[in-house]
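Chemist:
Numbering (this note's numbering), first residue to last: 699 to 997.
1) Count the other CB atoms, across all protein chains shown, that sit within 10 Å of the CB of residue 917; report buried if there are 16 or more and exposed otherwise.
2) Can you tell me the Cβ-Cβ gap for residue 935 and residue 968, rounded? I've got them flagged as a contact below 8 angstroms.
3) Tell me which residue opens and which closes the alpha helix (DSSP H) that residue 944 is part of.
4) Quick check on the burial criterion: 16 or more other C-beta atoms within 10 angstroms. Buried or exposed for residue 909?
5) Please classify residue 994 as buried or exposed, where buried requires at least 16 other C-beta atoms within 10 Å of its C-beta.
6) So is residue 751 buried or exposed if we call it buried at 16+ other beta carbons inside 10 Å?
7) Distance check for residue 819 and residue 831, CA to CA, integer angstroms please.
8) Using a threshold of 7 angstroms, is the CB atom of residue 945 nearer than that to any non-hydrogen atom of the ligand SAM?
9) Residue 868 lies in the beta strand (DSSP E); which residues open and close that run?
10) Alpha carbon to alpha carbon, how far is residue 957 from residue 907? Give it in angstroms, no decimals.
11) Beta-carbon separation of residue 988 and residue 878 under 8 angstroms?
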């Protein structure tokens, strides 16, 4: 609007000079009117443009506000997105940790299950072993009980001989051993049973038949005195003499005492299993013996 002010002043100055004619004046007047109209139009357009500018400025301000709000919203959205991403990452980490824990728990569960099954198998095996051990224990107790009873019977039947020291009855582990002095069965250097001792062997046979399910071994033992020259042609060493004496008693048990030959055996031990010192006469006498070893049932 201020840009047209010089034009108006110029026209006014021209009119005041009075140097123009009427026609020129009228023409100028018309021009001035046209200019004024044009100026009015310009002014109206300027006012309209001003209003448009104000409106546009308002709209720009509104858009700026909206842009600021959008920027703030975007910032908040980004922040929220970051928080959400962080939360998602945390949740993923938690899920991964939980999956790892679940995997570990599943592995532990499988290990526990295997350990449980192994324990059950071990318990079954132990129970089976326990039953087997109990059966063995019962058999062992039966064997020991029978052996104790046999020992008692032998001691009772040969109490007089035991008092004289010619017979000894003892238990060696699960076996019962009856030791008979060789002097009451044989003469020195002989394997022939004395006639007066045959009744003793019959008595032994009678008692052993009560325990028909036992294995019986007759063992011959000597001292360490070497065979004399007089007997060397018959017995080369104490082994032969001890084996011959054991065999003679064994045959008597079978042939006269009617023991089952499938359950009896004989062995010559010679001088190699002494029960006393061979340095004394008494010790050598003790070592010269026949031992009847009775094994437990089904041994």
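Where a beta carbon is used, it is the ideal one built from N, C-alpha and C, also for glycine. Keep in mind that this is a model prediction, so the values were computed, not measured.
Modeler: Taking the geometry as given:
1) For the purposes of this step, residue 917 is identified with residue 219 of the chain shown, where counting begins at 1. Classification for residue 917: buried.
2) To locate residue 935, count along the chain shown from 1; it is residue 237. To locate residue 968, count along the chain shown from 1; it is residue 270. Correct: roughly 7 angstroms between the Cβ atoms.
3) Within the chain shown, the letter at position 246 stands for residue 944. Where residue 944 is concerned, the enclosing alpha helix (DSSP H) stretches over 936-953.
4) By one-based count along the chain shown, residue 909 stands at place 211. Classification of residue 909: buried, given that the 10 Å Cβ count is 16 or more.
5) One-based indexing of the chain shown puts residue 994 at position 296. Under this definition residue 994 is a buried residue.
6) Stepping through the chain shown from its first residue, residue 751 is reached at position 53. Counting Cβ neighbours within 10 Å, residue 751 comes out exposed, since fewer than 16 surround it.
7) For the purposes of this step, residue 831 is identified with residue 133 of the chain shown, where counting begins at 1. For the purposes of this step, residue 819 is identified with residue 121 of the chain shown, where counting begins at 1. Cα-Cα distance, rounded: 18 angstroms.
8) The model depicted lacks the ligand SAM and carries no ligand whatsoever.
9) The residue labelled residue 868 in the question sits at position 170 within the chain shown. Unbroken beta strand (DSSP E) run through residue 868: 865-870.
10) For the purposes of this step, residue 907 is identified with residue 209 of the chain shown, where counting begins at 1. For the purposes of this step, residue 957 is identified with residue 259 of the chain shown, where counting begins at 1. Computed Cα separation, rounded: 6 angstroms.
11) Residue mapping note: residue 988 aligns to position 290 of the chain shown, counting from 1. Residue mapping note: residue 878 aligns to position 180 of the chain shown, counting from 1. Against a cut-off of 8 angstroms, the Cβ pair of residue 878 and residue 988 comes out as a contact.
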